[in-house]
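Shown next, in structure tokens, is the structure this report addresses.
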């Protein structure tokens with residue numbers, strides 16, 4: 041009887057399998073047992089479970105790796121330098137910044153989740169922070185301030201425009217760090233003049 045650990049491993053193998061052999065599967069899904077499965081790492085649970093179900097076992101491949109590659113996916117954000125990457129606390133998503141674009145990705149499949157963030161962000165970003173439940177992202181830029189984003193639709197949270205951090209009315213400072221509270225209800229930003237600002241992390 042499969043254990044929960046076996047099921048998780050089989051799911052992980054399945055996602056790796058689809059990612060690696062997607063083009064082959066798309067062209068001829070019915071031939072997957074012969075066109076892709078024999079090239080799957082022999083030590084993977086997916087291979088051991090399903091290779092026995094091939095009808096004739098006429099296709100034997102030697103020299104295949106025993107384990108999956110360390111590289112899961114090769115993704116392209118744009119043509120310029122990728123300046124920043126941050127994972128969500130539950131490891132299901134990550135956000136990247138490059139070429140004036142902010143993108144949210146599925147960390148398991150490598151598929152882009154949100155493109156709306158890209159079109160609505162017209163200023164640079166020096167860092168990000170995820171709320172614990174992954175529903176909010178705060179992006180910050182040293183001189184322009186902080187911005188709160190809703191991961192559900194990729195839009196800035198209503199009522200929370202770009203804000204410039206200032207410890208005093210005529211004192212301009214640079215943000216150097218930012219963090220969400222564990223419950224996601226607040227986040228704090230710190231600047232290089234020794235000040236910390238506390239923000240509403242739910243509604244801005």
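Residue numbers (my numbering): 41 to 244. No residue lacks a Cβ here, since even glycine has one placed at the ideal position from N, Cα and C. Being a predicted model, the structure only gives us computed values, none of them experimental.
- Taking each of 147, 166, 172 in turn and checking the Cα distance to residue 185, the smallest one comes out for 166.
- Taking 9 Å as the cut-off, the beta carbon of residue 53 is found no closer than this to the beta carbon of residue 75.
- DSSP places residue 139 in the coil class of the three-state scheme, outside both helix and strand.
- Its Cα nearest to that of residue 132, the residue 145 stands out among 145, 124, 122.
- Annotation: residue 152 is outside any alpha helix (DSSP H); the continuous beta strand (DSSP E) that includes it extends over 152-154.
- Of all alpha-carbon atoms in 149, 224, 214, the one lying nearest the alpha-carbon of residue 174 is that of 224.
- Between residue 77 and residue 62, the beta carbon gap of about 14 Å keeps them out of contact (Cβ cut-off 8 Å).
- In the three-state reduction of the DSSP assignment, residue 107 falls in the coil class, being assigned neither a helical nor a strand state.
- For residue 56, the CB contacts under 6 Å within the same chain, skipping 5 residues up- and downstream, are 108 in chain order.
- With a cutoff of 9 Å on beta-carbon distance, residue 148 and residue 142 are scored as not near each other.
- DSSP places residue 218 outside any alpha helix (DSSP H); the residue lies instead in the beta strand (DSSP E), whose first and last residues are 215-220.
- The residue among 126, 137, 226, 94 with its C-alpha nearest the C-alpha of residue 73 is 94.
- Leaving aside the five residues that flank residue 241 on each side, the residues in its chain whose CB is nearer than 8 Å to its CB run, in chain order, 171, 176, 178, 188, 220, 221, 224, 225, 226, 227.
- In the DSSP annotation of this structure, the continuous segment of the alpha helix (DSSP H) that includes residue 46 starts and ends at 44-67.
- In the three-state DSSP reduction, residue 122 falls in the strand class (E or B).
- In the structure shown, residue 91 falls within a helical segment according to DSSP collapsed to helix, strand and coil.
- For residue 75, the enclosing alpha helix (DSSP H) covers residues 72-75.
- The beta carbon of residue 46 is closer than 7 Å to those of 85 in its chain, skipping five residues each way along the sequence.
- In this structure, DSSP gives residue 86 a helical state, which the three-state scheme calls helix.
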